[in-house]
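Chemist: Protein chains in written order, with this note's numbering: chain A, 952 to 1360; chain B, 6 to 149. Glycine is no exception: its CB is placed at the ideal position from the N, C-alpha and C atoms.
#1: Three or more C-beta pairs closer than 8 Å, one from the stretch 1061-1070 of chain A and one from the stretch 1183-1198 of chain A: is that the case here?
#2: Would you mind reading off the limits of the beta strand (DSSP E) that contains residue 51(B)?
#3: Pairing CB atoms from the stretch 1276-1287 of chain A with CB atoms from the stretch 1324-1334 of chain A, are three or more of them under 8 Å?
#4: Check the Cβ of residue 1327(A) against every Cβ in chain B and list those closer than 7 Å, keeping chain order.
#5: Buried or exposed for residue 1416(A), please, with buried defined as at least 16 other CB atoms from any protein chain shown within 10 angstroms of its CB.
#6: Establish whether the CB of residue 10(B) and some CB of chain A are separated by less than 8 Å.
#7: Would you mind telling me which residues of chain A sit closer than 8 Å to residue 127(B), beta carbon to beta carbon, in chain order?
#8: Provide the residue span of the alpha helix (DSSP H) that contains residue 1027(A), from first to last.
#9: Cα separation between residue 130(B) and residue 971(A)?
#10: Quick one: which residues of the stretch 1279-1295 of chain A get their C-beta closer than 7 Å to a C-beta of chain B? List them in chain order.
#11: I'd like the span of the beta strand (DSSP E) that includes residue 1367(A), first residue to last.
#12: Name, please, each residue of chain B whose Cβ falls closer than 8 Å to the Cβ of residue 1312(A).
#13: Under 8 Å between C-beta atoms, does residue 1297(A) make it to chain B?
#14: Checking contacts by CB at 8 Å: is residue 106(B) closer than that to chain A?
#15: According to DSSP, simplified to helix, strand and coil, what is residue 34(B)?
#16: On the CB-based measure, 16 or more other CB atoms within 10 Å of its CB, does residue 1115(A) come out buried or exposed?
#17: Could you confirm whether any beta carbon from chain A is found closer than 8 Å to the beta carbon of residue 6(B)?
#18: Straight-line CA distance for residue 115(B) to residue 30(B)?
#19: Whole angstroms are fine: how far does the CA of residue 1213(A) sit from the CA of residue 1367(A)?
#20: Indicate whether residue 1304(A) and residue 10(B) have their beta-carbon atoms separated by less than 8 Å.
#21: For a quick check, are the C-beta atoms of residue 1152(A) and residue 1122(A) less than 8 Å apart?
#22: Can you give the beta carbon distance from residue 63(B) to residue 35(B), rounded, assuming they're within the 8 Å contact cut?
#23: How do the stretch 1245-1260 of chain A and the stretch 1223-1231 of chain A stand: do at least 3 beta-carbon pairs fall below 8 Å, yes or no?
#24: Under the three-state reduction of DSSP, which class applies to residue 6(B): helix, strand or coil?
#25: Are any of the Cβ atoms in chain A nearer than 8 Å to that of residue 13(B)?
#26: Let's see if you can read the secondary structure: which residues bound the alpha helix (DSSP H) around residue 19(B)?
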């Protein structure tokens, strides 16, 4: 993998911030976009912008081909058995909310259980809290091990025959933990529950095979994998999706409309009410082409290497606390940390003055922050365009931050 | 490397308030209690005021957050103590102007708070500085 060649595909990286070359270490929040994706949007708007699935005219056909072609790319990208199982949505949040509102309302009742974990992102907590409140179900949490991993033993002890839905993130956006989704899915199924996977931090970084995982639903966002914001995917098993009611009603998703009753289109369109996210889907297709040309396995290997390199260097800084699994082989390409008593915001401001972009805050995971017993943390996250030099700059920035605040703490 | 730009943000007096916060704690039986947080970053403040006859007799804060948010809270409690509610609200307006980089009324002495002027140049941090003031505004308005 030639990182320098890859970097040339990301024009945004070639700039100075506060007088220093930009080091972008916030890809877990949103990734940068390669030229091919930017061009795919420009080509669509310059050459064949039209609404889909309705026009007889040529541009309409071209736009429909582009949009449905992107669906086919997503199908192959996650190895779904059919493109009917790929529904375009705004992002992971909307996808999980759709499962909670549609599948959840129809299948969860009083006395039932929904199981999630202590490491979830708010988008995989609140939809289930709301569902539990509406239905009288109980929301249960799988506890975490001291190193921020899940034990299958704990999963077995939490999931019961009363459990209707298990929903767990594949990769933690804070701890970097990679969860054993395939094994957890099996436990869910043994208890008669469906398995929902929040794949937001997984799909951009590693090969995902939904048939191998055997999960029932898988949600991810385009903007964390080089695609524009506002496009994401809900994968669902056809048999389940067929039984589910749409969440949004209107144009594009109907078959026949009468005065009192209407019928819905086939999958996947019955879940895509309104004019769909055409440009976004085309951009996502271009992002998938870009990532697959490099190879997801190569990308994963590169990020593992960067995480191990960063953890090694960061551990040598006095006062450094790194959260999540200590074994770099067990974590994805991000490192969440705190440095002495320097508040993560102050740390991020000093690093920004050096041109280094990191995330500081609660990372939309307040229950996890509580478990870690901190109010906020700093996070450096890596993607295919990051280099060892980026991490060296981060380390130098951290050392300078310590010096800068040394009089205070 | 120079930290000149940073030095306009992290003035010594700010770091002093962060390290040695004034009026830290809570007033028991205070007439006004406000909890406010900054949902995007997790900073939170617990502000208690003793307001009587339109006068802020006592002000204390507790909470957690970055140096800017905690120093700003410390400075605010210092400056509003002993002022009328109207003056405190007026100060809040002046502080808001200062944070937005606008011309502000300098006829009222804001004491140490002037040191926070540099925050205006760091847009991502303005919300940190205004948290305590927003809490105070909410509290005294509810009291009325």
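Modeler: Once the coordinates are examined:
#1: The way I'd put it, the stretch 1061-1070 of chain A doesn't touch the stretch 1183-1198 of chain A; fewer than three beta-carbon pairs between them come closer than 8 Å.
#2: If you look at residue 51(B), you'll find it in the beta strand (DSSP E) that goes 49-57.
#3: Proximity of the stretch 1276-1287 of chain A to the stretch 1324-1334 of chain A meets the contact definition, three or more beta-carbon pairs being nearer than 8 Å.
#4: Scanning chain B for C-beta atoms nearer than 7 Å to the C-beta of residue 1327(A) yields 46 and 47, reported in chain order.
#5: Lying before the first or after the last residue shown, residue 1416(A) is absent from chain A, which here runs from 952 to 1360.
#6: True, the Cβ-Cβ gap to chain A drops below 8 Å.
#7: For residue 127(B), the chain A residues whose C-beta falls within less than 8 Å of its own C-beta are 1300, listed in chain order.
#8: Unbroken alpha helix (DSSP H) run through residue 1027(A): 1009-1029.
#9: Separation of residue 130(B) and residue 971(A) (C-alpha to C-alpha, rounded to the nearest whole angstrom) is 20 Å.
#10: Residues passing the 7 Å Cβ filter: 1294.
#11: Here chain A comprises residues numbered 952 to 1360, so residue 1367(A) is not present and cannot be evaluated.
#12: Under the 8 Å cutoff, chain B gives 45, 46 and 47.
#13: Answer yes: the Cβ-Cβ gap between residue 1297(A) and chain B drops below 8 Å somewhere.
#14: Taking Cβ atoms only, chain A never reaches closer than 8 Å to residue 106(B), which makes this a no.
#15: In the three-state reduction of the DSSP assignment, residue 34(B) falls in the coil class, being assigned neither a helical nor a strand state.
#16: Only buried fits residue 1115(A), as 16 or more other CB atoms lie within 10 angstroms of its CB.
#17: Interpretation of residue 6(B) is limited by its pLDDT of 42, a score under 50 that renders its predicted location unreliable; the figure taken from the coordinates is listed afterwards. Any Cβ of chain A closer than 8 Å to the Cβ of residue 6(B) would place that residue at the interface, and such an atom is present.
#18: About 22 Å.
#19: Residue 1367(A) falls outside the range modelled here, since chain A spans only 952 to 1360, and no answer is possible.
#20: Their beta carbons are under 8 Å apart, which means residue 1304(A) touches residue 10(B) by this criterion.
#21: Contact: yes.
#22: Taking 8 Å as the upper bound for CB-CB distance, residue 63(B) and residue 35(B) are in contact here, some 7 Å apart.
#23: The stretch 1245-1260 of chain A is not in contact with the stretch 1223-1231 of chain A.
#24: Note that residue 6(B) scores 42 on pLDDT, short of 50, meaning its location in the model is unreliable and no value can be drawn from it.
#25: False, the Cβ-Cβ gap to chain A never drops below 8 Å.
#26: Run containing residue 19(B): 17-24, per the alpha helix (DSSP H) assignment.
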